[in-house]
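Notes follow the structure.
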Amino acid sequence: MQKMKSLDNLSNTSKETVARLLDVAEILFSDLGYAGTTVRDIAAKSQINQALINYHFKNKRGLFMAIFERRGKVLFEERLMLLSQARNKAGSKPIPLRDLLYAFIYPPLRIAGESSGGRAFVKLQARLHNEPKEIEQELRSEYYNKVSFQFVDELHLTVPQLSIESIAWRLVFVMGLYIYIASNTGRLEVISRGRCIGSDWEQALLEMLDFCEHGFLAPITPASPSYL
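Here it is in structure tokens:
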């Protein structure tokens, strides 16, 4: 995978330029997608010469990848850290389901709650399946698969009554849930008639943990023609 140039040897001005480009590109990519965003758009929005984009990232693809390298790496390292802490705490026993769900859900919610850029990054994850296949596959291989496999394995120890197939389905439902909530669409405020605030991340985390915990503990329902 193409890596962003190291920031260690850059001047403070260059570091600020790189950060500005990443911030602007993150929001544009999340709104318009990879194909819908041009290097010219990013240069104009950031008010930075297009030549500097080519210098620091080589091309649009390099800039797109750098966004995931910057924030995606933090997200998945935090998940692994929380998972490791939960495993050490549980010892030889299965990790409590709520601890597993917390380790999976909390990091993206924390990132979404930090800034508009964080929310844009979570939204960008939701768009990933619409991006060019070679980019999607490279990013999933680099940042997603290893972590997801570890959570599936731990969940299978915690809820052994579920098959790997059911665990995979339910974990994908969790992904869809936190991505939608982190996008803060305003729908929550509407259907609650103003009683709930979508940006109340602490309450969002509690509600999601309760909902997802019960979802994973629900028994497998045999297929019924009446549902089809």
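Going letter by letter, the sequence shown gives residues 607 to 834 in this note's numbering. C-beta atoms are modelled at their ideal positions from N, C-alpha and C, and glycine is treated no differently. These numbers come from a predicted model, not from an experiment.
K729 burial status per 10 Å Cβ neighbour count (16 or more: buried): If you number the sequence shown from 1, residue 729 lands on position 123. So K729 ends up on the buried side.
Boundaries (first-last residue) of the alpha helix (DSSP H) holding R793: Looking up residue 793 in the sequence shown gives position 187. Residue range R793 to I797 is occupied by the alpha helix (DSSP H) that includes R793.
Opening and closing residue of the alpha helix (DSSP H) in which E720 lies: Here the question's residue 720 lines up with position 114 in the sequence shown. For E720, the enclosing alpha helix (DSSP H) stretches over residues L703 to E720.
Top-ranked residue by Cα proximity to S754, from G804, R693, C802 and F710: Within the sequence shown, numbered from 1, the residue matching residue 754 stands at position 148. S754 has its Cα closest to that of F710, out of G804, R693, C802 and F710.
Three CB pairs or more closer than 8 Å across the stretch 696-703 and the stretch 798-806: The stretch 696-703 is not in contact with the stretch 798-806.
Alpha helix (DSSP H) runs wholly inside the stretch 715-784, at least 4 long, in chain order: Taking only runs of at least 4 residues, the alpha helix (DSSP H) segments lying wholly in the stretch 715-784 are 722-733, 739-745 and 751-764.
T623, DSSP secondary structure in three states: For the purposes of this step, residue 623 is identified with residue 17 of the sequence shown, where counting begins at 1. Here T623 sits in helix by DSSP.
Alpha carbon of T623 to alpha carbon of V680, nearest angstrom: Residue 623 sits at position 17 when you count from the first residue of the sequence shown. Residue 680 sits at position 74 when you count from the first residue of the sequence shown. Taking the straight line from one Cα to the other gives about 21 Å.
Residue closest to R733, alpha-carbon to alpha-carbon, out of T619, G639 and G782: For the purposes of this step, residue 733 is taken as residue 127 along the sequence shown, with counting starting at 1. Minimum Cα-Cα distance from R733 among the listed residues T619, G639 and G782 corresponds to G639.
Own chain, CB closer than 6 Å to L689, minus 5 neighbours either side, in chain order: Reading the sequence shown from its first residue, position 83 is the one you call residue 689. Counting only Cβ-Cβ distances below 6 Å, and skipping sequence neighbours, we find A709.
Local Cβ density within 10 Å of F779, reported as buried at 16 or more and exposed below that: Here residue 779 is taken as the residue at index 173 of the sequence shown, counted from 1. Label assigned to F779: exposed.
Range of the contiguous alpha helix (DSSP H) that encloses Q809: Position 203 of the sequence shown, counted from the start, is the residue given in the question as residue 809. From DSSP, the alpha helix (DSSP H) with Q809 extends over W807 to L823.
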